[in-house]
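Data block below; observations after.
Residue numbers (this note's numbering): 10 to 83.
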């Protein structure tokens with residue numbers, strides 16, 4: 010999901026939540042028997058993450074992170 014946000018969640022972004030205006034979210038599969046995870050990135054620019062952007066690099070980054078987490082959790 011790539012989108013502009015008007016009221017970022019402080020539980021996710023912490024103290025900087027009020028400064029963020031767009032976010033990118035990607036669900037992570039951490040393996041059989043494990044709950045799914047999520048990687049979330051935020052940006053101050055409201056047009057940094059938009060639905061019109063391609064998700065190839067985000068998918069690649071999430072895949073690398075997902076495999077690293079699976080290795081760490083095993």
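We put the beta carbon where it would ideally sit given N, CA and C, even for glycine.
CB-CB under 6 Å to residue 17, same chain, minus the five flanking residues each way: which ones, in chain order? Position 8 of the chain shown, counted from the first residue, corresponds to residue 17. Within the same chain, residue 17 has close Cβ partners 26 and 29.
Is residue 11 helix, strand or coil when you go by DSSP? As a working mapping, residue 11 is identified with position 2 in the chain shown. Strand at residue 11.
Let me know the secondary structure DSSP gives residue 51 once reduced to three states. Stepping through the chain shown from its first residue, residue 51 is reached at position 42. Three-state DSSP puts residue 51 in a strand.
Inspect the beta-carbon positions of residue 35 and residue 10 and report whether they are closer than 9 Å. Counting from 1 along the chain shown, the entry for residue 35 is found at position 26. Counting from 1 along the chain shown, the entry for residue 10 is found at position 1. Yes. Within cutoff.
Exposed or buried, residue 51, counting other C-beta atoms within 10 Å across all chains shown (16 or more means buried)? Looking up residue 51 in the chain shown gives position 42. Flag for residue 51 reads buried.
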